[in-house]
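Engineer: From first to last, the protein sequence lines stand for chains A and B.
At position 177 of the first sequence (counting the first as 1) the number is 177 in the UniProt record's numbering, and the numbers step up by one without a gap.
At position 245 of the second sequence (counting the first as 1) the number is 245 in the UniProt record's numbering, and the numbers step up by one without a gap.
From the three backbone atoms N, C-alpha and C, an ideal C-beta is built for every residue, glycine too.
Protein chains: 2
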Amino acid sequence: MISVNQDRLWRSLMDMARIGATAKGGNCRLALTDEEVQGRRLFMQWCEEAGCELRIDPIGNIFARRDGTQKDAPAVMCGSHLDTQPAGGRFDGVYGVLAGLEVIRTLNDLDVSTRYPIEVVAWTNEEGSRFTPGMMGSAVYSGKLDIDVARARPCMQTGVRLGDELQRTGFAGTATYAQVPKAYFEAHIEQGPILENANLPIGVVTGAQGIYELEVTIVGFESHAGTTPMNLRKDALEAAANMIASILDLGHRIDPDARVTVGHIDCYPNSPSTIPGKVVFSIDVRHPQQPMLQKLVAEIETICDQRAMTHGASVDVQTVAAYEPVAFDDQCVQRVRQATSSLGYPAMDICSGAGHDAVNLSYVAPTAMIFVPCKAGLSHNELEDADPVHLAQGASVLANVLLDEAM
Amino acid sequence: MISVNQDRLWRSLMDMARIGATAKGGNCRLALTDEEVQGRRLFMQWCEEAGCELRIDPIGNIFARRDGTQKDAPAVMCGSHLDTQPAGGRFDGVYGVLAGLEVIRTLNDLDVSTRYPIEVVAWTNEEGSRFTPGMMGSAVYSGKLDIDVARARPCMQTGVRLGDELQRTGFAGTATYAQVPKAYFEAHIEQGPILENANLPIGVVTGAQGIYELEVTIVGFESHAGTTPMNLRKDALEAAANMIASILDLGHRIDPDARVTVGHIDCYPNSPSTIPGKVVFSIDVRHPQQPMLQKLVAEIETICDQRAMTHGASVDVQTVAAYEPVAFDDQCVQRVRQATSSLGYPAMDICSGAGHDAVNLSYVAPTAMIFVPCKAGLSHNELEDADPVHLAQGASVLANVLLDEAM
Chain A
1 MISVNQDRLW
11 RSLMDMARIG
21 ATAKGGNCRL
31 ALTDEEVQGR
41 RLFMQWCEEA
51 GCELRIDPIG
61 NIFARRDGTQ
71 KDAPAVMCGS
81 HLDTQPAGGR
91 FDGVYGVLAG
101 LEVIRTLNDL
111 DVSTRYPIEV
121 VAWTNEEGSR
131 FTPGMMGSAV
141 YSGKLDIDVA
151 RARPCMQTGV
161 RLGDELQRTG
171 FAGTATYAQV
181 PKAYFEAHIE
191 QGPILENANL
201 PIGVVTGAQG
211 IYELEVTIVG
221 FESHAGTTPM
231 NLRKDALEAA
241 ANMIASILDL
251 GHRIDPDARV
261 TVGHIDCYPN
271 SPSTIPGKVV
281 FSIDVRHPQQ
291 PMLQKLVAEI
301 ETICDQRAMT
311 HGASVDVQTV
321 AAYEPVAFDD
331 QCVQRVRQAT
341 SSLGYPAMDI
351 CSGAGHDAVN
361 LSYVAPTAMI
371 FVPCKAGLSH
381 NELEDADPVH
391 LAQGASVLAN
401 VLLDEAM
Chain B
1 MISVNQDRLW
11 RSLMDMARIG
21 ATAKGGNCRL
31 ALTDEEVQGR
41 RLFMQWCEEA
51 GCELRIDPIG
61 NIFARRDGTQ
71 KDAPAVMCGS
81 HLDTQPAGGR
91 FDGVYGVLAG
101 LEVIRTLNDL
111 DVSTRYPIEV
121 VAWTNEEGSR
131 FTPGMMGSAV
141 YSGKLDIDVA
151 RARPCMQTGV
161 RLGDELQRTG
171 FAGTATYAQV
181 PKAYFEAHIE
191 QGPILENANL
201 PIGVVTGAQG
211 IYELEVTIVG
221 FESHAGTTPM
231 NLRKDALEAA
241 ANMIASILDL
251 GHRIDPDARV
261 TVGHIDCYPN
271 SPSTIPGKVV
281 FSIDVRHPQQ
291 PMLQKLVAEI
301 ETICDQRAMT
311 HGASVDVQTV
321 AAYEPVAFDD
331 QCVQRVRQAT
341 SSLGYPAMDI
351 CSGAGHDAVN
361 LSYVAPTAMI
371 FVPCKAGLSH
381 NELEDADPVH
391 LAQGASVLAN
401 VLLDEAM
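1) Determine, using beta carbons only, whether P366/A comes closer than 8 Å to chain B.
2) On the criterion of 16 or more Cβ atoms from any shown chain inside 10 Å, does Y212/A qualify as buried, or is it exposed?
3) Measure the C-alpha to C-alpha separation of V297/B and A31/A and round it to an integer number of angstroms.
4) Along chain A, which residues have their Cβ under 9 Å away from the Cβ of C304/B?
5) Is there contact between the stretch 78-88 of chain B and the stretch 375-388 of chain B, where contact requires at least three CB pairs shorter than 8 Å?
6) Can you pull the chain B neighbours of V262/A, defined as C-beta to C-beta under 7 Å?
7) What are the start and end residues of the beta strand (DSSP E) that includes G207/A?
8) Which residues in chain B sit within 9 Å of P276/A, going by Cβ to Cβ distance?
9) Listed from N- to C-terminal order along the chain, which residues in the stretch 188-204 of chain B have their beta-carbon within a distance smaller than 8 Å of any beta-carbon of chain A?
10) Rounded to the nearest angstrom, what separates H81/A and M135/A at their Cα positions?
11) What is the DSSP secondary structure of C351/B, reduced to helix, strand or coil?
12) Are the C-beta atoms of M230/B and some chain A residue less than 8 Å apart?
13) Work out the CA separation of R335/A and L13/A for me, nearest whole Å.
14) M77/A and V121/A: beta carbons closer than 8 Å?
15) Along chain B, in chain order, which residues have C-beta atoms closer than 9 Å to that of residue 415/A?
16) Give me the residue from L232/B, A258/B, M309/B, D316/B with the minimum Cα distance to I275/B.
17) Within the stretch 42-97 of chain A, note down every full alpha helix (DSSP H) run reaching 4 residues or more, in order along the chain.
18) Quick one, which residues of the stretch 269-294 of chain B are near chain A if we go by CB-CB under 9 Å, in chain order?
19) Give me the Cα-Cα distance between I171/B and E119/B, rounded to the nearest whole angstrom.
20) Quick one: measure Cβ to Cβ for I350/A and I194/A, integer angstroms, because I've assumed they're closer than 8 Å.
21) Given that Q157/A touches chain B, what residues does it touch there, using C-beta distances under 8 Å?
22) In chain order, what residues of the same chain have a beta carbon less than 7 Å from the beta carbon of R115/A, not counting five sequence neighbours either side?
23) Look up S138/B in the DSSP assignment and say whether it is helix, strand or coil.
24) Spatial neighbours of C52/A within its chain, please: CB distance less than 8 Å, with the 5 preceding and 5 following residues excluded, ordered by chain position.
25) Would the stretch 199-207 of chain B count as touching the stretch 265-279 of chain B if we require 3 or more Cβ pairs under 8 Å?
26) Which residue wins for smallest C-alpha separation from E102/A, given the options Y141/A, C47/A, C155/A?
27) Could you give the DSSP three-state label for P291/B: helix, strand or coil?
28) Cα separation between R161/A and I265/A?
29) Closer than 8 Å, CB to CB, is E48/A near chain B or not?
30) Would you identify the three-state DSSP class for E127/B, choosing helix, strand or coil?
31) Provide the residue(s) that pair with Y323/B in DSSP beta bridges, ordered along the chain.
32) With the cut-off set at 8 Å, would you say A187/A and I56/A are in Cβ contact?
33) Under 8 Å between C-beta atoms, does L30/B make it to chain A?
34) Along chain B, in chain order, which residues have C-beta atoms closer than 8 Å to that of G251/A?
35) Report yes or no: do the stretch 358-366 of chain B and the stretch 384-397 of chain B share at least 3 C-beta pairs separated by less than 8 Å?
36) On a Cα-Cα basis, can you pick out the residue from A308/A, K375/A, R130/A that is closest to R153/A?
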């Protein structure tokens, strides 16, 4: 078994974290901004120093290739993303990219040749904070999203097209995809508290849960807070509060793997002395199994209908987006499990709660992921943190998995 | 018993409603804007045509006086306001002013002299939509608010001082108050649905309920919607939804006269895929009796504490404002009741849910109010509507009450 260089990995992470550093110790490198481009250039410089051949495709994905001994063999691929949330952390995404680079540096140190080439990829715009949808570069790569549609997407802050930003920054590349990868592996911080709570350095990611994004609109009737008797009200927020309380209670009760979140609520006219006439809120529903996910959504819709009726309001529940659960490739998952075990690291199987580029890759290639803990499960937050030891352990698992796969 | 001229009252209301008319049939005459000043000038023109003497005080209140026969006798006063909400109706406030004018016109028609003078007042800035607090002109008049504090208040839209707007529009008057009024009566639309539901044209207003304005701040912990297990969350919106549902349920159960409203809610960061870390919401609590009002507030605070604990959040409940209930003068209320009965109008006693200039007047003079129904109880809404017959009936009650009081 091989091990990566913990100090070198940490130094690279901290060097990258200086680009777009925020006051509270986090990072802001929104996709294709000058900061993110500076990060891309640093990554490319490091890859060249490690002897890699660089290619950029039309959506700006960066492929850094360490050649194998067999001519025209498909690549064993790993990667993640360099862009961050507006108030993001130092590890979400960038860890998976620099862990891949650290594997290549380690293989160089050991002077190991592989039969298949190894490619480290930095996927464009995983976060979707400037341009929706997120996971864009991997979606285009896997054929899930049309390149012209992606290039036409406007920046939510300035309106500039993504295609124009690719052109401006020099990342509208021309590389084509001759072959699908032999396999794809992605190392990532967990972004949740499960591994930390279990005191385990490695999560063997078996798949990603399915997601339904719902939008609930309740219409009641605006009236005067002081003059309208309680029994004559059609209070949209009263209906909403009862729905939200019941929906989240269902999430607690129905199954330990269920995740139900109401993260967004808007109330109209939102005036203290007026009974709300309209409320709009989001529901984010996730579960690893599709039948349970659909059961959850159906029960949520029933709760909304019943509560609206109770409070004299009307309700409309729209499905904004729906993603089925993804099961990663059995052999790839088993390879991660075995490498972890051989390295002597305690681990558990885990299902990814978040979406990752690996989900898109799983549609075109055998795929698996490796999770490491992050402090207090905190992510999408400037206070996001991770233990250098855990980060190195995850990268060592990645190294052995890539080596096995590429031999 | 005397009766007012229904058609003349309606025509004056509709003439006034053309000033600051909105697309949906409502009115926008914010205090001391050009539109409201145009309304003031029209009212003053009508008062002069009715033979009244006009005075304006330093806060811009307009006093239109029909002299009595006794020298230096205190005035029997009535009035309300000409300013409206931004998307206001054609009757809130303006009805009370023009009903007073219609009484004077009717007394002129009948060539009736009174011992005491009768004054119709248009109070400045009752709505508080440009300058807080509302009920400002009557508060200054009754000594509840210092004139210099009032003049220094900035416009919430432009920042201009109220004193400068008084100066600009010519309504920084010099009239002083030699005497408190003998009594004050205010006619107003109910702004709620009680009279309409009871099918009654007149409400004998016995007082105004007390009001507590509370602000609740809940702090939980932001985390990722997809990765944080339900049992490890500190969801501020889950705590808020359970509080709001319980608080409103309490409002329904505790007493038929209770009014509990959550009209305003803000959620942070208000992102669909992030568990809310902070929620702020308002509670508007009203009741005609102070002990019950205090009991309600105490129980609401207990609910907030308990629900916060259940959901692992912290909570802070601040009292933003507190007004004790007001009981109007027994003799004045009885005078309204008797005039209504003598006119043969069905009526009921009612407690005002909203604040009115009459509440401020009640601190310095015997006071009562007369309510007429408004369509569907709707007010602070461009669709606010009222029946010309009811409006005339309310004005006839006012006419007889003023005449009795001024004889």
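Structural biologist: Well, looking at it:
1) Here residue 366/A corresponds to residue number 366 of the first sequence, with the count starting at 1. Closer than 8 Å: no.
2) Within the first sequence, residue 212/A is the residue found at index 212, counting from 1. Classification for Y212/A: buried.
3) Position 297 of the second sequence, counting from 1, holds the residue named residue 297/B. Position 31 of the first sequence, counting from 1, holds the residue named residue 31/A. Spanning the two alpha carbons is a distance of roughly 49 Å.
4) One-based indexing of the second sequence puts residue 304/B at position 304. Simply none; closest approach about 13 Å.
5) yes
6) Reading the first sequence from its first residue, position 262 is the one you call residue 262/A. Those are L237, listed as they occur along chain B.
7) Indexing the first sequence from 1 puts residue 207/A at position 207. It spans 202-208 - the beta strand (DSSP E) in which G207/A sits, taken as one unbroken run.
8) Within the first sequence, residue 276/A is the residue found at index 276, counting from 1. Going along chain B in sequence order, the residues near P276/A (Cβ under 9 Å) are T261, V262, G263, H264, I265.
9) E190, Q191, G192, P193, I194, N197
10) Your numbering for residue 81/A matches position 81 in the first sequence. Your numbering for residue 135/A matches position 135 in the first sequence. Cα to Cα, the separation comes out at about 9 Å.
11) Taking the first residue of the second sequence as position 1, residue 351/B is located at position 351. If DSSP states are grouped into helix, strand and coil, C351/B belongs with the strands.
12) Numbered from its first residue, the second sequence carries residue 230/B at position 230. Cβ-Cβ to chain A under 8 Å: yes for M230/B.
13) Here the question's residue 13/A lines up with position 13 in the first sequence. Here the question's residue 335/A lines up with position 335 in the first sequence. One C-alpha to the other measures close to 26 Å.
14) Counting from one through the first sequence, the residue named residue 77/A turns up at place 77. Counting from one through the first sequence, the residue named residue 121/A turns up at place 121. Yes, the pair counts as a contact, with Cβ atoms nearer than the cut-off.
15) An answer regarding residue 415/A cannot be provided, because it is not within the stretch 1 to 407 covered by chain A.
16) To locate residue 275/B, count along the second sequence from 1; it is residue 275. Closest option to I275/B, Cα to Cα, is L232/B.
17) none
18) For the stretch 269-294 of chain B, the set of positions with a beta-carbon nearer than 9 Å to some beta-carbon of chain A reads P269, N270, S271, P272, S273, T274, I275, P276, V279, F281, S282, I283, D284, R286 in chain order.
19) Within the second sequence, numbered from 1, the residue matching residue 171/B stands at position 171. Within the second sequence, numbered from 1, the residue matching residue 119/B stands at position 119. Residue identity check: residue 171/B is Phe in the sequence provided, not Ile. Distance between the alpha carbons of F171/B and E119/B is about 18 Å.
20) In the first sequence, counting from the first residue as 1, residue 350/A sits at position 350. In the first sequence, counting from the first residue as 1, residue 194/A sits at position 194. About 6 Å separates the two Cβ atoms, so the contact holds.
21) The sequence position of residue 157/A within the first sequence is 157, counting from 1. None at all; the shortest Cβ gap to chain B is about 15 Å.
22) Locating residue 115/A in the first sequence gives position 115, counting from the first residue. Around R115/A: G68, T69, Q70, A73, A406, M407.
23) Position 138 of the second sequence, counted from the start, is the residue given in the question as residue 138/B. Reduced to three states, the DSSP call for S138/B is helix.
24) Residue numbering aside, residue 52/A sits at position 52 when the first sequence is read from its first letter. In chain order, A64, R65, R66, I104, V120 place their CB closer than 8 Å to the CB of C52/A, counting only its own chain and leaving out the 5 sequence neighbours on each side.
25) no
26) Within the first sequence, residue 102/A is the residue found at index 102, counting from 1. Considering only alpha carbons, the answer is C47/A.
27) In the second sequence, counting from the first residue as 1, residue 291/B sits at position 291. If DSSP states are grouped into helix, strand and coil, P291/B belongs with the helices.
28) Reading the first sequence from its first residue, position 161 is the one you call residue 161/A. Reading the first sequence from its first residue, position 265 is the one you call residue 265/A. Straight-line Cα distance between these residues: approximately 29 Å.
29) Mapped onto the first sequence, residue 48/A falls at position 48. No, E48/A does not count as interfacial toward chain B.
30) The residue labelled residue 127/B in the question sits at position 127 within the second sequence. It is coil, neither helix nor strand.
31) On the second sequence, residue 323/B is found 323 positions in, with the first residue counted as 1. Per DSSP, I211/B.
32) Taking the first residue of the first sequence as position 1, residue 187/A is located at position 187. Taking the first residue of the first sequence as position 1, residue 56/A is located at position 56. In this structure, the beta-carbon distance from A187/A to I56/A does not fall below 8 Å.
33) In the second sequence, residue 30/B corresponds to position 30, counting from 1. No, because no Cβ of chain A sits closer than 8 Å to the Cβ of L30/B.
34) Locating residue 251/A in the first sequence gives position 251, where the first residue counts as 1. Those within 8 Å of G251/A in chain B are M230.
35) no
36) Counted from its first residue, the first sequence places residue 153/A at position 153. Comparing Cα positions, the closest option is R130/A.
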